[in-house]
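A.B. asks:
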Amino acid sequence: MEHNIEIKKIETSKVTSLDFDNIPLGKTFTDHMFICDYEDGAWVNPRVEPLELIPTHPAAMALHYGQAIFEGMKATIDAEGIPMLFRPEKNAARLNLSADRMGMPHFPEDLFVEGLKKLVALEKAWIPPMEGSALYLRPFMYADEPFIGMRAATHYKFIIIASPSSPLYTKRIKLYAETKYIRAVEGGTGEAKAAGNYAAAIRPTELAKEKGYDQVLWLDAKEFNYIQEVGTMNIFFKINGEFITPSLDGSILHGITRLSVIELLRSKNYKVTERPITIEEIIQASKNGTLEEAFGAGTAVGITMIQEIGYKDTSIHVSDESPVSQMVLDTLDGVRSGKMEDTLNWMLKIND
Ligand SMILES: Cc1ncc(COP(=O)(O)O)c(C=O)c1O
12 MEHNIEIKKI ETSKVTSLDF DNIPLGKTFT DHMFICDYED GAWVNPRVEP LELIPTHPAA
72 MALHYGQAIF EGMKATIDAE GIPMLFRPEK NAARLNLSAD RMGMPHFPED LFVEGLKKLV
132 ALEKAWIPPM EGSALYLRPF MYADEPFIGM RAATHYKFII IASPSSPLYT KRIKLYAETK
192 YIRAVEGGTG EAKAAGNYAA AIRPTELAKE KGYDQVLWLD AKEFNYIQEV GTMNIFFKIN
252 GEFITPSLDG SILHGITRLS VIELLRSKNY KVTERPITIE EIIQASKNGT LEEAFGAGTA
312 VGITMIQEIG YKDTSIHVSD ESPVSQMVLD TLDGVRSGKM EDTLNWMLKI ND
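Counting in the working numbering, the sequence shown tops out at residue 363, every number present.
#1: Can you give me the Cβ contacts of F248 inside the same chain, cut-off strictly under 6 angstroms, excluding the 5 residues immediately before and after it?
#2: Is there contact here, the segment 216-227 with the segment 262-282, by at least three beta-carbon pairs under 8 angstroms?
#3: Who does Q226 pair with in a DSSP beta bridge?
#4: If you compare alpha carbons, which of A163, V227, I288, G37 is closest to I320?
#5: Can you tell me where the alpha helix (DSSP H) holding H99 begins and where it ends?
#6: Quick one, are the C-beta atoms of S271 and L343 less than 9 angstroms apart?
#7: Could you check whether M84 and T364 sit closer than 9 angstroms to each other, using their CB atoms as the reference points?
#8: With DSSP collapsed to three states, give me the class of D231.
#9: Quick check: the segment 97-115 against the segment 259-269, are there 3 or more CB pairs under 8 angstroms?
#10: So for A163, helix, strand or coil by DSSP?
#11: Please determine whether the Cβ atom of R105 lies at a distance below 8 angstroms from any heavy atom of ligand 1.
#12: Going by the beta-carbon positions, is the gap between G349 and I88 smaller than 9 angstroms?
#13: Which complete alpha helix (DSSP H) runs does the segment 111-156 hold, if anything under 4 residues is left out?
#14: Going by the C-beta, is A311 closer than 8 angstroms to any heavy atom of ligand 1?
#15: On a CA-only basis, which of K20, K323, V26 is nearest K222? Give me that one, please.
#16: For ligand 1, I want to know if M244 counts as a neighbour, meaning its beta carbon is within less than 8 angstroms of at least one of the ligand's heavy atoms.
#17: Under the rule that 16 or more other beta-carbon atoms within 10 Å means buried, what is N245, buried or exposed?
#18: Given a cut-off of 9 angstroms on the beta-carbon distance, is the pair E60 and H43 in contact?
#19: Taking 8 angstroms as the cut-off, is the CB of T268 close to at least one heavy atom of ligand 1?
#20: By DSSP, does M72 sit in helix, in strand, or in coil?
#21: Relative to the C-alpha of A163, which residue among M358, A79, T181 is closest?
#22: Is DSSP giving P257 helix, strand or coil here?
#23: Would the segment 21-39 and the segment 170-178 be scored as touching if the rule is three or more Cβ pairs under 8 angstroms?
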């Protein structure tokens, strides 16, 4: 469907004041945003306009009942200066999966991609050209209807903002396997990218950091044994030559990096298995020397090698060498920067 997206540009871009070698994480925003309103059962008035404060009624339902979902994705630029998006249709579909769980309306997937393309084309100068850096895109939807009472809102906003970013972790990270708090339980909201999931993870993450770890490794809510995922990443282990990642059981996010890593490894003839995996199995594999590699996979962090996992009173050591994980990282960065051939057809070029 053809969408009429009105574009209102700022007069002078702030991009000239950005130091691309020193981008403060998550604090810098581009000049414009894409915005669309949901009224009377339909999405109306899609537009790109200067990024500015949005007046919010104190009774806006998202503030009270948490109807708020989001996506995270990246735009990169190739050597010819053509901006590219990484599998945007997957984010569009996942937003609607989250919307279903949270009782929110679907956002048209073609308009999602069209809005991204318009915004990224306009903000092209903000895309950091260095490999591993990108323009982080944050599409989100929230209930802005002023109402006190428990029901689905009837008025929402869908917005996309953009923030230039450098690679998040450049070192190997240490995870803390959490045995008190949980992130998600069967039947809960774990596979939705819902704001509340992240709110509930903040305190446990702070506690893990106080203990000297970088992130929480979430375990299942019943036995604290099955591995789910990391703060903002899915997780992969290489044990005895085989890659294993927890299956999508309703409690973990359907990571787009996870999907892409599985496709890439399989295309290179590695065995990849999606199945439940326990922390006990990882401890045993570490002890008997078959735990060969482990990494986290997510848009914000890319591929992040895992050095160690703290669990109760023990520390599980993961091997210091990560040759296959490094190949995965190099391939994802290479394809995203246009330096490597996009053999799996991931990239959407924005030519206009
Ligand atoms: C909880 C969680 N798991 C996994 C991921 C990785 O998903 P993706 O690869 O789509 O970024 C993210 C990041 O979006 C996340 O927040």
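Every residue, glycine too, gets a C-beta built ideally from N, C-alpha and C.
C.D. replies: With the given structure in hand:
#1: As a first step, residue 248 is located in the sequence shown; it is residue number 237 there, counting from the start. Counting only residues of its own chain and dropping the five nearest sequence neighbours on each side, F248 has a CB closer than 6 angstroms to the CB of I255, A305.
#2: The segment 216-227, when compared against the segment 262-282, does not touch it at the 8 angstroms Cβ threshold.
#3: On the sequence shown, residue 226 is found 215 positions in, with the first residue counted as 1. For Q226, DSSP records a beta bridge to L186.
#4: As a first step, residue 320 must be located in the sequence shown, where it is residue number 309. Answer by Cα proximity: V227.
#5: Along the sequence shown, read from residue 1 onward, the residue named residue 99 stands at position 88. Checking the sequence, you will find Pro at residue 99 rather than His. Start and end: 99-112.
#6: The sequence position of residue 271 within the sequence shown is 260, counting from 1. The sequence position of residue 343 within the sequence shown is 332, counting from 1. With respect to L343, S271 sits close: the two C-beta atoms are nearer than 9 angstroms.
#7: Past the edges of the chain, shown from 12 to 363, lies residue 364, and the structure says nothing about it.
#8: Along the sequence shown, one-based indexing puts residue 231 at 220. Three-state DSSP puts D231 in coil, outside helix and strand.
#9: At 8 angstroms Cβ cutoff, the stretches touch.
#10: What you label residue 163 is simply residue 152 of the sequence shown in a count that begins at 1. Coil.
#11: Here residue 105 is taken as the residue at index 94 of the sequence shown, counted from 1. Yes, the beta carbon of R105 sits closer than 8 angstroms to at least one heavy atom of ligand 1.
#12: Taking the sequence shown and counting its residues from 1, one reaches residue 349 at position 338. Taking the sequence shown and counting its residues from 1, one reaches residue 88 at position 77. Yes, these two residues count as a Cβ contact at 9 angstroms.
#13: Taking 4 residues as the shortest admissible run, the segment 111-156 contains the following complete alpha helix (DSSP H) segments, listed from N- to C-terminal end: 120-133.
#14: Position 300 of the sequence shown, counted from the first residue, corresponds to residue 311. Result yes, Cβ under 8 angstroms from ligand 1.
#15: Here residue 222 refers to the residue found at position 211 of the sequence shown. Cα-wise, what sits closest to K222 is K323.
#16: Walking along the sequence shown from the start, residue 244 turns up at place 233. Yes, ligand 1 has a heavy atom inside 8 angstroms of this Cβ.
#17: Translated into positions along the sequence shown, residue 245 becomes position 234. Classification for N245: buried.
#18: On the sequence shown, residue 60 is found 49 positions in, with the first residue counted as 1. On the sequence shown, residue 43 is found 32 positions in, with the first residue counted as 1. In contact: E60 and H43 (Cβ atoms closer than 9 angstroms).
#19: Walking along the sequence shown from the start, residue 268 turns up at place 257. Answer for T268: yes, Cβ within range of ligand 1.
#20: In the sequence shown, counting from the first residue as 1, residue 72 sits at position 61. Note: M72 maps to helix in three-state DSSP.
#21: Start at 1 with the first residue of the sequence shown, and residue 163 comes out as number 152. Minimum Cα distance to A163 is reached at A79.
#22: To locate residue 257, count along the sequence shown from 1; it is residue 246. It is coil, neither helix nor strand.
#23: They touch, by the three-pair rule.
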